[in-house]
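Position 133 of the sequence shown, counting from 1, maps to 132 under numbering that gives the first Met the number 0, and the rest follow consecutively. All C-beta atoms, glycine included, are put in the ideal place defined by N, C-alpha and C. Worksheet for the structure shown next.
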Amino acid sequence: MTPGEATSVLKSEAQRLGFMDARVARAEFLADQAPKLEAWLNQGFQGSMRYLENHFDKRLDPRLLVPGAQSVVSLAFNYFPEPSALEDEGRPRVARYAYGEDYHRVVKDRLFELLDALRTAVGLFEARCFVDSAPVMERAWAERSGLGWVGKNSLLLRKNTGSYFFLAELIVDYAFVPDAPVTDHCGTCTRCIDACPTQAIVAPQVVDSNRCISHATIELHGALPREMADALHPWVFGCDICQEVCPWNRHSTPHHEPAFAPGGWVEWSLDDWRSASTAAFQDAFGTSAAARTGLDRIQRNVEAAFGQSNPT
Ligand code: B12
Ligand code: SF4
Ligand code: SF4
0 MTPGEATSVL KSEAQRLGFM DARVARAEFL ADQAPKLEAW LNQGFQGSMR YLENHFDKRL
60 DPRLLVPGAQ SVVSLAFNYF PEPSALEDEG RPRVARYAYG EDYHRVVKDR LFELLDALRT
120 AVGLFEARCF VDSAPVMERA WAERSGLGWV GKNSLLLRKN TGSYFFLAEL IVDYAFVPDA
180 PVTDHCGTCT RCIDACPTQA IVAPQVVDSN RCISHATIEL HGALPREMAD ALHPWVFGCD
240 ICQEVCPWNR HSTPHHEPAF APGGWVEWSL DDWRSASTAA FQDAFGTSAA ARTGLDRIQR
300 NVEAAFGQSN PT
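Structure, rendered in structure tokens:
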């Protein structure tokens, strides 16, 4: 099989397994990203996520993760839900990416299936699968491969599908045919920067995690800083504001993934959120990505967003 034929198999198998798209970049040192990552870390924009300071070299060079790597395949997996009462004004809100089962497992299972299919069709090769789980600069790779462009909100955007999708990668020691990058279509728009309630997008494509509601509600342990607590309402897990205002997300269409159907918490009133027991929480959130943040921190967020100082 020629590399061209193998690349066609890769793309058709990815679509068969439910990915929106698969694109290829040559595995090499991310020279243009090194100074940006360094600057981002030096300014402390990683907030409490100290793990982002580790494996600096591996983060920039996929050949240190998979010896002999020749291609980085970037894939997009849609998580945009059917619009519903969930998004009604006044309810505690959860970011759309966490509505259903944990994407780390759901998307990784699909990646393993893709890898099996490729091993059978194309022949054996060394490979590793990644979904938000290792030192891989997922958006930088996706941008290089032409899967989309990095928007001013720092998320990967696609003209026809917006940004409500997960990124995943296959790093392989096989030379698939690389794709070309696409152009940036943000133009003069600044809606995400203007709409962010905490001014977390400090420059186009640069997010200061210390100011981001997503970081505060999901990652931060202990008490919330006053200025973050005051800005949460109605978000109690993650934040979608800089995606909701993005004009390209008018093109988002709902996913067809049963595992991403929302858990039982969808029916919860504010009182249910406040009084939930550990058992009720586990039952309602099941294996959602929110389960890892835990009930205590989510109830801390509920009190900050809907407590005395932030009434509904
Ligand atoms: C840490 C992290 C976060 C942090 C920090 C976010 C950030 N923007 O870096 C927090 C907790 C805030 C976060 C929040 C969210 N995240 Co997050 N997050 C990650 C993670 C694990 C690492 C990102 C990283 O390496 N950041 C470090 C910085 C330096 O990297 P970078 O932003 O890619 O670098 C670019 C810019 O910062 C720029 N830059 C940096 N410095 C400078 C300086 C100048 C002068 C210039 C011009 C540019 C520039 O250069 C790079 C351009 O490519 C990735 C998964 C992964 N392994 O990549 C998911 C990931 C980015 N997150 C994701 C999601 C879904 C979210 C949320 C939408 C979740 C939510 N609804 O609450 C929010 C969105 C908030 C936002 N606007 O970014 C998805 C995004 C999918 C997509 N379509 O892009 C990812 C890819 C996970 C996945 N596998 O799907 N996240
Ligand atoms: S996720 Fe929310 S807080 Fe974070 S940058 Fe986007 S709009 Fe701002
Ligand atoms: S809201 Fe505008 S500036 Fe922000 S990512 Fe979308 S198109 Fe780009």
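Just to check my reading of the structure: residue i and residue j have Cβ atoms closer than 8 Å, yes? What is that Cβ distance to the nearest angstrom?
i, j, result
"Arg95", "Pro80", "6 Å"
"Ala97", "Leu223", "Actually they do not touch by this definition, with Cβ atoms about 19 Å apart."
"Ala202", "Leu146", "Wrong, their Cβ atoms sit about 23 Å apart, outside the cutoff."
"Gln204", "Lys151", "6 Å"
"Leu117", "Glu12", "7 Å"
"Leu219", "Leu113", "The pair is not a contact, with the Cβ atoms about 35 Å apart (cut-off 8 Å)."
"Ile217", "Thr292", "5 Å"
"Cys195", "Cys245", "Not really, about 12 Å apart at Cβ, beyond 8 Å."
"Val235", "Ile297", "6 Å"
"Asn248", "Gly306", "Contact flag wrong, Cβ pair sits at about 30 Å."
Check each candidate in the options and name the one with the smallest Cα separation from residue i.
i, options, result
"Ser268", "Ala260, Pro233 and Arg296", "Pro233"
"Asn53", "Gln32, Ala13, Ile297 and Pro134", "Pro134"
"His250", "Pro196, Asn152 and Asn77", "Asn77"
"Cys211", "Arg299, Gln32 and Ser47", "Ser47"
"Leu64", "Met136, Glu302, Ser287 and Lys35", "Met136"
"Ala289", "Ala116, Arg92, Thr252 and Cys195", "Arg92"
"Ala24", "Ala215, Pro177, Leu113 and Val121", "Pro177"
"Ala283", "Leu231, Ala30, Leu51 and Glu100", "Glu100"
"Val105", "Phe165, Val149 and Phe55", "Phe165"
"Ala120", "Arg49, Val149, Ser7 and Leu219", "Ser7"
"Arg22", "Leu294, Glu37, Arg138 and Glu226", "Arg138"
"Met19", "Thr187, Leu29 and Ser73", "Ser73"
"Glu27", "Asp60, Arg90, Ser132 and Ala38", "Asp60"
"Thr252", "Ala5, Ala228, His103 and Tyr163", "Tyr163"
"Leu9", "Glu168, Ser274 and Leu36", "Glu168"
"Met227", "Arg90, Glu266 and Arg299", "Arg299"
"Gln14", "Val265, Phe305, Asp271 and His255", "His255"
"Ala179", "Ala38, Trp148 and Thr189", "Trp148"
"Arg90", "Asp295, Ser274, Val265 and Leu294", "Val265"
"Arg62", "Ala215, Thr189 and Leu29", "Leu29"
Any chance the CB of residue i is under 7 Å from a heavy atom of ligand 2?
i, result
"Ser314", "Residue 314 lies beyond the range of the chain shown here (0 to 311); nothing can be said about it."
"Val206", "yes"
"Thr197", "yes"
"Asn77", "no"
"Ile240", "yes"
"Ile297", "no"
"Ile200", "yes"
"Asn152", "yes"
Closer than 7 Å: is that where the CB of residue i sits relative to any heavy atom of ligand 1?
i, result
"Asp131", "yes"
"Gly17", "no"
"Ile217", "yes"
"Gly237", "yes"
"Phe165", "yes"
"Leu51", "yes"
"His92", "His is not the amino acid found at residue 92; the sequence shown has Arg there. No, since every heavy atom of ligand 1 falls outside the 7 Å radius drawn around the Cβ of Arg92."
"Leu64", "no"
"Ser287", "no"
"Lys107", "no"
"Val72", "no"
"Leu36", "yes"
"Glu226", "no"
"Val135", "yes"
"Tyr96", "yes"
"Ala139", "yes"
"Ser47", "no"
"Glu81", "no"
Would you check whether ligand 3 has a heavy atom nearer than 7 Å to the C-beta of residue i?
i, result
"Arg249", "no"
"Asn41", "no"
"Cys191", "yes"
"Val244", "yes"
"Leu327", "Here the chain comprises residues numbered 0 to 311, so residue 327 is not present and cannot be evaluated."
"Cys188", "yes"
"Leu185", "Note on residue identity: the sequence assigns Cys, not Leu, to residue 185. Yes."
Does residue i get closer than 8 Å to chain C when you measure Cβ to Cβ?
i, result
"Tyr78", "The structure shown contains no chain C; it is built from a single protein chain."
*How do the region 105-125 and the region 80-88 stand: do at least 3 beta-carbon pairs fall below 8 Å, yes or no?*
Segments in contact, no.
_Restricting to runs no shorter than 4 residues, where is the alpha helix (DSSP H) found entirely within the region 58-138?_
Correct list: 102-121.
*Decide if the region 234-253 is in contact with the region 1-19; the criterion is three or more beta carbon pairs, one per stretch, under 8 Å apart.*
Fewer than three Cβ pairs drawn from the region 234-253 and the region 1-19 lie within less than 8 Å of each other, which leaves the two stretches out of contact.
*May I ask you to verify whether the region 172-188 touches the region 259-279, counting CB pairs closer than 8 Å and requiring at least 3?*
They do not touch, by the three-pair rule.
*Any 3 or more C-beta pairs closer than 8 Å across the region 182-198 and the region 115-135*: Because the criterion of three Cβ pairs below 8 Å is not met, the region 182-198 and the region 115-135 do not touch.
*Please determine if the region 37-46 and the region 133-145 are in contact, where contact requires at least 3 C-beta pairs separated by less than 8 Å.*
Segments in contact, no.
*asked:* Closer than 8 Å is the cut-off here; do at least three beta carbon pairs connect the region 277-297 with the region 67-74?
replied: With a cut-off of 8 Å, the region 67-74 and the region 277-297 do not count as touching, because too few Cβ pairs lie within range.
*Where in the region 199-262 do unbroken runs of the beta strand (DSSP E), each at least 3 residues long, occur, reported from the N-terminal end onward?*
You should have 200-202 and 234-236.
*Taking the runs of the beta strand (DSSP E) that are 3 residues or longer, which of them lie wholly in the region 8-48?*
Runs found: 20-25.
*asked:* Threshold first: 4 residues or longer. Then list the alpha helix (DSSP H) segments lying entirely within the region 147-190, N to C.
replied: Listed in chain order, there is nothing to give.
*Complete alpha helix (DSSP H) runs within the region 256-303 (minimum length 4 residues, chain order)*: DSSP runs (the alpha helix (DSSP H)) wholly in the region 256-303: 269-274 and 277-284.
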